[in-house]
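Here the numbering used here is used: the first residue of the sequence shown is 2, the next is one more, and so on.
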Amino acid sequence: MEKLKQAVLQALSTVEDPDLKKDLVSLEMIQSLQVTFEKVTFTLVLTTPACPLQEYLKKACIEAIRSHVSKEILVDITTTARVTATQSQVGRLPNVKNIIAIASGKGGVGKSTIAANLAVSLAQQGATVGLLDADIFGPSIPTLFGCEHEKPIVEQVENKKYLVPLVKHGVKLISIGFLTPQEGAVVWRGPMASTALRQFLYDTAWEELDYLLVDLPPGTSDIQLTLVQAVPVTGAVIVTTPQKLALADVVKAIAMFKKSAIEVPILGLIENMAYFIPEELANKQRYYPFGQGGGKELADNYDVPFLGEIPLITAIRETSDEGVPAAKASTELGNLFKDLASALAQQVSIRNIQLFPTQRVLRK
Ligand code: ADP
Numbered sequence: 002m003e004k005l006k007q008a009v010l011q012a013l014s015t016v017e018d019p020d021l022k023k024d025l026v027s028l029e030m031i032q033s034l035q036v037t038f039e040k041v042t043f044t045l046v047l048t049t050p051a052c053p054l055q056e057y058l059k060k061a062c063i064e065a066i067r068s069h070v071s072k073e074i075l076v077d078i079t080t081t082a083r084v085t086a087t088q089s090q091v092g093r094l095p096n097v098k099n100i101i102a103i104a105s106g107k108g109g110v111g112k113s114t115i116a117a118n119l120a121v122s123l124a125q126q127g128a129t130v131g132l133l134d135a136d137i138f139g140p141s142i143p144t145l146f147g148c149e150h151e152k153p154i155v156e157q158v159e160n161k162k163y164l165v166p167l168v169k170h171g172v173k174l175i176s177i178g179f180l181t182p183q184e185g186a187v188v189w190r191g192p193m194a195s196t197a198l199r200q201f202l203y204d205t206a207w208e209e210l211d212y213l214l215v216d217l218p219p220g221t222s223d224i225q226l227t228l229v230q231a232v233p234v235t236g237a238v239i240v241t242t243p244q245k246l247a248l249a250d251v252v253k254a255i256a257m258f259k260k261s262a263i264e265v266p267i268l269g270l271i272e273n274m275a276y277f278i279p280e281e282l283a284n285k286q287r288y289y290p291f292g293q294g295g296g297k298e299l300a301d302n303y304d305v306p307f308l309g310e311i312p313l314i315t316a317i318r319e320t321s322d323e324g325v326p327a328a329k330a331s332t333e334l335g336n337l338f339k340d341l342a343s344a345l346a347q348q349v350s351i352r353n354i355q356l357f358p359t360q361r362v363l364r365k
């Protein structure tokens, strides 16, 4: 039987993960392998529960066993996921595998809406997800999750106090908005906001997280710098709308993360409000009020992955206002965001295997 097991492993080592460019056996993605003359059973350990290649890889495994071992043998594959982490030594949050900055060149492009829906969608697909709202100019996460009137509690562990994040729609939430009165009377000055962000990162009881999304203010402010100085950031996602004026600011945002002193990889670009479909999704005719293909073209020009596009849909605004992110509120919108979240998770896995861990930026 041992010989047969070796033959199965040999067959599976011919299957390559097209993203990670290595075979499944050397990536240790094949676990708990059991082989009898009738049946092969194993667990396929993916690098993210949101893996878009799941079905492709399962099919490739079955085909490899059928063609290299036996045409008749039954193949029973269970899938699970172990999210890869950015393995930086200094300054990483002990329980958090990946910190992902969600940025934009301009305000009002839907950055917070996209951040909220990516977080919900990753959680729906089985990942453990946190969302930190650091948008000091307009913290909208409390509204998007319908918890404007709630406050995180403080927990004391030994001599240290921790904020306990709220949990909404499967996502652990902390927002700078929880510390601001609803009337919005507080004007966050640079140093105050930076202190608050550090506190949110270090003094929140995040527990185990696969992904911590950080919703940044638009443009390039002190907060961006504070983030990259405080923790090693896995990568940044840039949200934009398609019109030329918005794209010009995206170039500045990309340049900031790519600066040699910062060197945070860009995980991808998302085009929001990319097109408009009247009558929601019923009529499939697409209109492009802000121009077509600008985001994709810019991503190609700057050698940044294009993660996908989200249309302008009334329901996205309505559900946001009602405090239920669109990814949760409707199956059709849920599917749109599922593809986007999978594309992001895929880029995180690729980044963690191909690039060096990000280093925290030294404070001058
Ligand atoms: P930002 O964080 O970039 O300032 P927001 O996420 O707060 O932007 O979005 C700005 C406004 O646009 C909100 O009212 C939001 O509901 C709406 N919005 C965002 N994306 C979409 C979309 N794809 N379709 C319809 N409305 C959207």
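Even for Gly, the Cβ is constructed at its ideal location relative to N, Cα and C.
Span of the beta strand (DSSP E), counted from its first residue to its last, around residue i
| i | result |
| --- | --- |
| I154 | 154 to 158 |
| A104 | 97 to 105 |
| T80 | 75 to 82 |
| Y276 | 267 to 277 |
| S33 | 31 to 36 |
Cβ-based neighbour list, residue i, same chain, cut-off 6 Å, excluding 5 preceding and 5 following
| i | result |
| --- | --- |
| K107 | P219, A247, D250 |
| K152 | F179 |
| A237 | A102, A104, F258, V265, I267 |
| F307 | L270, K297, A300 |
| I317 | A327 |
| A117 | L145, P326 |
| S343 | A51, P53 |
| E149 | P143 |
beta-carbon residue i near ligand 1 non-hydrogen atom, thresh 7 Å
| i | result |
| --- | --- |
| M274 | yes |
| S89 | no |
| A271 | Note on identity: in this sequence residue 271 is Ile, with Ala being the wrong assignment. Checking every heavy atom of ligand 1 against the Cβ of I271, none is found closer than 7 Å. |
| P143 | no |
| R83 | no |
| T221 | no |
| R318 | yes |
| S331 | no |
| G309 | no |
| G1 | There is no way to answer for residue 1, as the model of the chain reaches only from 2 to 365. |
Through-space distance from residue j to residue i, alpha-carbon basis
| i | j | result |
| --- | --- | --- |
| V369 | T205 | The chain is shown from 2 up to 365; residue 369 falls before or after that span and cannot be answered. |
| G294 | G309 | 11 Å |
| L133 | G147 | 15 Å |
| V165 | S176 | 12 Å |
| V362 | I255 | 17 Å |
| T144 | M2 | 59 Å |
| L47 | L119 | 19 Å |
| E323 | T49 | 30 Å |
| L34 | T44 | 7 Å |
| I115 | V9 | 43 Å |
| L25 | I31 | 6 Å |
| L123 | K339 | 8 Å |
| Q200 | S321 | 27 Å |
Span of the alpha helix (DSSP H), counted from its first residue to its last, around residue i
| i | result |
| --- | --- |
| E64 | 55 to 69 |
Sequence-distant residues of its chain with Cβ nearer than 8 Å to residue i (five each side left out)
| i | result |
| --- | --- |
| I74 | F38, E39, K40, V41, I66, R67 |
| L213 | L94, V97, N99, I100, I101, V130, G131, L132, L133, W207 |
| Q230 | R361, V362, L363, R364 |
Spatial neighbours of residue i in its chain, beta-carbon cut-off 7 Å, leaving aside the 5 residues before and after
| i | result |
| --- | --- |
| T235 | T87, N99, I100, I101, V349, R352, T359 |
| V121 | H170, G171, V172, P326, A328, K329 |
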